[in-house]
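Below is one structure; the comments refer to it alone.
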Amino acid sequence: ILGGHVAEPHLRPHMASLQLDGEHVCGGFLIAEQWVLSAAHCTEETDGKLFQVLLGAHSLTEPEPHKRLYRVRAQIPHPGSNIHNNKDDLLLLQLEEKAELNEHVQVLRFQREDRDVAADTVCEVAGWGTVSHSGRRPDKLYQVERPVLSRDDCNHRTRHDHTITRNMMCTDSRKKDTCKGDSGGPLVCNGVAEAVVTAGSRVCGNYKKPGIYTRIAPYAAWIDGVMASVAG
Ligand SMILES: CC(C)CC(=O)Nc1cccc(-c2cccc(CN)c2)c1
Numbered sequence: 012i013l014g015g016h017v018a019e020p021h022l023r024p025h026m027a028s029l030q031l032d033g034e035h036v037c038g039g040f041l042i043a044e045q046w047v048l049s050a051a052h053c054t055e056e057t058d059g060k061l062f063q064v065l066l067g068a069h070s071l072t073e074p075e076p077h078k079r080l081y082r083v084r085a086q087i088p089h090p091g092s093n094i095h096n097n098k099d100d101l102l103l104l105q106l107e108e109k110a111e112l113n114e115h116v117q118v119l120r121f122q123r124e125d126r127d128v129a130a131d132t133v134c135e136v137a138g139w140g141t142v143s144h145s146g147r148r149p150d151k152l153y154q155v156e157r158p159v160l161s162r163d164d165c166n167h168r169t170r171h172d173h174t175i176t177r178n179m180m181c182t183d184s185r186k187k188d189t190c191k192g193d194s195g196g197p198l199v200c201n202g203v204a205e206a207v208v209t210a211g212s213r214v215c216g217n218y219k220k221p222g223i224y225t226r227i228a229p230y231a232a233w234i235d236g237v238m239a240s241v242a243g
């Protein structure tokens, strides 16, 4: 997160850190007791290995009550996701067991009505992604508030040049933006997860390249289908 600040501890009990060998790779969030939603492109450099999911954390390293690392039983990328574009950039992770819910570990509901969030709505995004242009990785969860940018503005040829589909949305990226390691985290507007951070052009904090997110509502049926199909 660039240009943000350290989050209030444990105000986002739905936040997950997707880790490989103890290292934070991407964000995610709890959508059901045994399911985490994240971004498919986070598996790009995992060489087929399964993530471990850290729940209930504020600091990635310090001992905290209710902080727990869960093994993953299954990782299901959206069938339309691929490494060449940001389309269908969603990943479902089934935990080995149901997460123990408490004040630090909670499910976050996601938007099921397929209607655009109005431009200029101020939403918030949090993550353990890099907090400086030099790529400094934080120990604590950071957050930043960002206004929604209309799809027409985001699709301007000097910005994302008509690559933003109706399954995506954008936020202004002037100075304050998501960055490497924030992918997979939720964009929360009025307390509801509207979208999931995607890497887009993989530049951060440049107002010419607004932050891009995968809207969740268009995928509600896919999410429900996967959760219903994979034996609990
Ligand atoms: C395996 C993955 C971690 C690879 C990856 O995602 N790399 C990467 C590199 C630079 C910027 C970003 C990035 C992420 C989220 C938002 C943005 C821009 N707002 C950039 C992402």
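Oh and the sequence shown: position 31 is 42 in the numbering used here, straight run, nothing missing. Here a beta-carbon is modelled for each residue, glycine too, at the ideal position from N, C-alpha and C. All of these numbers come straight from a predicted model, not from anything done at the bench.
6 angstroms CB neighbourhood of residue i in its chain, flanking five on each side removed
i	result
Ala130	Val159 and Ser161
Cys200	Val128, Thr132 and Cys134
Glu156	Val133 and Glu135
Alpha carbon of residue i to alpha carbon of residue j, nearest angstrom
i	j	result
Asn217	Arg84	38 angstroms
His69	Arg177	33 angstroms
Glu56	Val36	9 angstroms
Asn93	Met179	15 angstroms
Arg226	Arg126	10 angstroms
Ala242	Leu104	13 angstroms
Lys151	His77	16 angstroms
Proximity test, residue i beta-carbon vs ligand 1 heavy atom, cut-off 7 angstroms
i	result
Ala27	no
Asn85	The residue you asked about is not Asn; residue 85 is Ala in the sequence shown. Because no heavy atom of ligand 1 lies under 7 angstroms away, the Cβ of Ala85 does not count as near it: no.
Ser184	yes
Ala210	yes
His52	yes
Own chain partners of residue i with C-beta closer than 8 angstroms, once the 5 adjacent residues on each side are dropped
i	result
His173	Asn166
Asn96	Thr174
His144	Leu13, Cys215 and Gly216
Short Cβ contact (8 angstroms threshold) for residue i with residue j
i	j	result
Gly2	Asp193	In this structure the chain extends from 12 to 243, so residue 2 is not present and cannot be described.
Phe62	Gln45	no
Cys190	Cys215	yes
Ala239	Gln154	no
Val207	Gly195	yes
Neighbourhood of residue i by C-beta, 7 angstroms cutoff - its chain only, sequence neighbours within 5 removed
i	result
Pro88	Ala51, Thr54 and Leu102
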